[in-house]
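Novice: Pasting a structure below so you can have a look.
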Amino acid sequence: FEMSQISVQVDNLVYLKMQLHSIKYHSFDCVGVLIGHKDQASKKVVVAQAIPLFHQRVMTGAVEIAFDMIESLHLKPDQQIIGMYEAAVQSSLSGGKEQTHLAQYLCEQIVQNFKDALFIQVKADLPPPSDEMSLKDQLSETTGLIFKHFQVNPNGSIQ
């Protein structure tokens with residue numbers, strides 16, 4: 320995927336994990352963290368893992384604990400938290416916003432440590448599973464992910 324001047328590579332299992340999280344808890348806002356790295360030679364952001372975090376109401380303290388656990392248990396030496404994904408129910412997106420207040424807050428935190436932070440908006444539109452099609456072919460038939468690259472404006476807001 321190409322976004323502005325950033326190329327993004329997402330492993331099929333990462334993609335599937337985000338979709339399954341959003342499908343399983345389709346009545347709730349689902350939020351997860353993306354782990355990976357930026358390849359300095361190719362300038363490609365590589366998403367190696369998705370960690371589902373929440374799918375119900377969340378308190379800020381729980382978010383901080385979750386991030387600490389991810390950093391201590393899931394990160395390999397060359398990896399860091401590079402973004403997040405969200406599958407928000409329509410009622411949570413007021414005023415034409417593309418992400419919930421929680422996602423906005425998390426993106427603001429992530430972009431402080433990784434300037435090329437990603438926000439992936441998940442749309443649960445996977446086709447029905449098929450034994451006749453490979454996973455790769457099934458995934459290619461969906462438009463289920465919308466990639467965003469967040470940049471901090473001079474006033475501190477994220478676009």
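The sequence shown begins at 320 in the working numbering and counts up one residue at a time. Note that the Cβ used here is the ideal one computed from N, Cα and C, for glycine as well. If you're wondering where the values come from, they're calculated on a predicted model, not measured in any experiment.
Cβ of residue 411 within 8 Å of Cβ of residue 348?
Specialist: Within the sequence shown, numbered from 1, the residue matching residue 411 stands at position 92. Within the sequence shown, numbered from 1, the residue matching residue 348 stands at position 29. Result yes, Cβ atoms of residue 411 and residue 348 sit closer than 8 Å.
Novice: If you draw a straight line from the C-alpha of residue 387 to the C-alpha of residue 415, how long is it?
Specialist: Translated into positions along the sequence shown, residue 387 becomes position 68. Translated into positions along the sequence shown, residue 415 becomes position 96. Distance between the alpha carbons of residue 387 and residue 415 is about 32 Å.
Novice: Any chance the region 421–432 sits against the region 329–342, with 3 or more Cβ pairs inside 8 Å?
Specialist: No, they do not touch.
Novice: Under the rule that 16 or more other beta-carbon atoms within 10 Å means buried, what is residue 359, buried or exposed?
Specialist: To locate residue 359, count along the sequence shown from 1; it is residue 40. Flag for residue 359 reads exposed.
Novice: Taking a contact to mean a Cβ-Cβ separation below 8 Å, would you say residue 437 touches residue 401 in this structure?
Specialist: Working through the sequence shown from its first residue, we reach residue 437 at position 118. Working through the sequence shown from its first residue, we reach residue 401 at position 82. Cβ atoms of residue 437 and residue 401: closer than 8 Å.
Novice: Residue range of the alpha helix (DSSP H) that residue 425 falls in?
Specialist: One-based indexing of the sequence shown puts residue 425 at position 106. First-last of the alpha helix (DSSP H) with residue 425: 420–432.
Novice: Scan the region 362–418 and note each continuous beta strand (DSSP E) run of 3 residues or more that stays entirely inside, going in chain order.
Specialist: Segments of the beta strand (DSSP E) lying fully in the region 362–418: 363–373 and 399–406.
Novice: For residue 471, which three-state DSSP category applies?
Specialist: Here the question's residue 471 lines up with position 152 in the sequence shown. Because the pLDDT at residue 471 is just 40, under 50, the model does not fix this residue reliably, and the value given afterwards should be weighed accordingly. DSSP places residue 471 in strand when its eight states are reduced to three.
Novice: Is DSSP giving residue 338 helix, strand or coil here?
Specialist: Within the sequence shown, numbered from 1, the residue matching residue 338 stands at position 19. Helix.
Novice: Compare the beta carbon distance of residue 404 and residue 351 with 8 Å and say whether it is the shorter of the two.
Specialist: To locate residue 404, count along the sequence shown from 1; it is residue 85. To locate residue 351, count along the sequence shown from 1; it is residue 32. Yes, the Cβ-Cβ distance between residue 404 and residue 351 is below 8 Å.
Novice: Go ahead and label residue 341 buried or exposed: buried means 16 or more other beta carbons lie within 10 angstroms of its beta carbon, across all protein chains shown.
Specialist: Taking the first residue of the sequence shown as position 1, residue 341 is located at position 22. Looking at its Cβ environment, which holds 16 or more other Cβ atoms inside 10 Å, residue 341 is buried.
Novice: Short of 6 Å in beta carbon distance, which residues of its chain neighbour residue 563, apart from the five on each side in sequence? Order them along the chain.
Specialist: Limits of the chain in this structure are 320 at one end and 478 at the other, which puts residue 563 out of reach.
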